[in-house]
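The numbering used here puts the first residue of the sequence shown at 14, with every later residue one more than the last. Glycine included, every Cβ here is placed at the ideal spot set by N, Cα and C. As structure tokens, the structure follows; a few thoughts come after it.
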Amino acid sequence: MSLVNNKKAGFNYELLEKFEAGVELLGFEVKSVKAGHGSLEGSYVIVRGGEAFLVEAEIPAFQKANAPENFDPRRPRKLLLTKKEIKEITEKTEAQGISAPALSFFEKGKKVKLSFALAKGKKKFDKRENIKKRETDREVRREFKRG
């Protein structure tokens, strides 16, 4: 079951390979994600110093009154991946045009995990093709319902 989604990721990127990782979150951030609060729009995964981080994800405090004064909802969050996975992600993201957008937060047992993918950015004409295909499929379904 998905808790927080990045709905634009599938539209803006051609998803090549999916990964899942644990995320280091504070207690009130976990509560916030499980309640469905937060945004992954524009967030991505980077590798620095042999560690992977989730950047530009916004996870607000569950209750602002209980959060520390210096809490930053857009702080980088460390991802829990194996060295082999980090090496693979590093090699592939260094290739031209490959990025790692965040797709969704989900629960696996009692743990909150992040789903992200290695992806290639779509060009504007590719996006237009997707929109046209979606609209024609919608029209065909309408015709079948009528007839």
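| query | result |
| --- | --- |
| Assign Leu92 to one of two classes, buried (16 or more other C-beta atoms within 10 Å of its C-beta) or exposed (fewer than that). | buried |
| Three-state secondary structure (DSSP) at Phe75? | coil |
| Is it right to say Ala48 is buried, meaning 16 or more other beta carbons lie within 10 angstroms of its own, or is it exposed? | exposed |
| Count the other C-beta atoms from every protein chain shown that fall within 10 angstroms of the C-beta of Ser56, then say buried if there are 16 or more, exposed otherwise. | buried |
| Just mark Val153 as buried or exposed, buried being the case when its beta carbon has 16 or more other beta carbons within 10 Å. | exposed |
| What do you get for Asn143, buried or exposed, if any count of 16 or more other CB atoms within 10 angstroms of its CB means buried? | exposed |
| Between which two residues does the beta strand (DSSP E) harbouring Arg12 extend? | Any question about residue 12 goes unanswered here, given that the chain covers just 14 to 160. |
| Buried or exposed: which applies to Leu29, given that a residue is buried once 16 or more other Cβ atoms fall within 10 Å of its Cβ? | exposed |
| Determine the burial state of Glu37: buried for a count of at least 16 other Cβ atoms within 10 Å of its Cβ, exposed for fewer. | exposed |
| Alpha carbon to alpha carbon, how far is Ile99 from Ala34? | 11 Å |
| Buried or exposed for Asn79, please, with buried defined as at least 16 other CB atoms from any protein chain shown within 10 angstroms of its CB. | exposed |
| Nearest to Lys97 by alpha carbon, out of Ala113, Ser52, Gly63? | Gly63 |
| Looking only at C-alpha atoms, which of Thr106, Ala74, Ala115 sits nearest to Val17? | Ala115 |
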